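Down below is the structure, laid out as structure tokens.
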Amino acid sequence: MHNSYYFLRQVSAELNTRLKEFQLVSCFSQSRDELLMEFHKNAKHYFLRASLLPELTVVTFPKQITRARKNSVDLFYSLLMQRVEGVNVFENDRSFVVRMEGGHGILFKMHGNRANILHVHNDAVVDVFRKGITADLSLVPSSLNKTLDWT
1041 MHNSYYFLRQ VSAELNTRLK EFQLVSCFSQ SRDELLMEFH KNAKHYFLRA SLLPELTVVT
1101 FPKQITRARK NSVDLFYSLL MQRVEGVNVF ENDRSFVVRM EGGHGILFKM HGNRANILHV
1161 HNDAVVDVFR KGITADLSLV PSSLNKTLDW T
């Protein structure tokens, strides 16, 4: 239920309010299926943790993140220090995007055991977090918007 379109629509609206004008200052992983992000604006910090375990795919918002000295790798370098323009959910899909300056974005594809986080630029995938899901490299982000016939 926490990864349904209707729930992610509410989460995206709240993230849009909280993250607008913040800068991504760090993006790293300390384990195979977890991505951690830190956003700053003035003296405020906002943290986002995405756990993409096959049995539980979830995004959480901890108050603090402590980075390990070992087994930590930086990711999505080209997005660092970019400002967030907004957060949008894809229509009728379990995905949302954190839009950044210059047409860049961080796409959260919350599709169960096929969940992934993608760096997108102008409707094309630049890089992916989970490299094993090779189909995500050819994904067209705008194709995630779906129109449903309710009749």
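Residue numbers (this note's numbering): 1041 to 1191.
The beta carbon of each residue, even a glycine, is placed where N, CA and C say it ideally should be.
Quantities reported herein were computed from a predicted structural model and do not represent experimental measurements.
_Which residue wins for smallest C-alpha separation from P1181, given the options G1172, V1165 and F1169?_
V1165
*Buried versus exposed call for G1145 [16 or more other C-beta atoms within 10 Å across all chains shown]*: buried
_For E1054, the first and last residue of its enclosing alpha helix (DSSP H)_ = Y1045 to L1059
*asked:* To test your reading of the DSSP string, which unbroken beta strand (DSSP E) runs of 3 or more residues are found completely within the segment 1105-1137?
replied: Every unbroken stretch of the beta strand (DSSP E) spanning 3 or more residues and falling wholly within the segment 1105-1137 is given here in chain order: 1124-1129.
*asked:* Quick test of your reading: V1129 and S1183, contact by CB under 8 Å. State the CB separation rounded to the nearest angstrom.
replied: Going by Cβ atoms, the distance from V1129 to S1183 rounds to 15 Å, so no, they are not a contact pair.
_Whether R1089 touches T1097 by CB criterion (8 Å)_ = no
*Measure the alpha-carbon distance for R1154 versus E1095 and round it to whole angstroms.*
Cα-Cα distance, rounded: 11 Å.
_Contact check, F1169 vs V1124, beta carbons under 8 Å_ = no
*State buried or exposed for V1113, treating a residue as buried only when at least 16 other CB atoms are found within 10 Å of its CB.*
Result: exposed.
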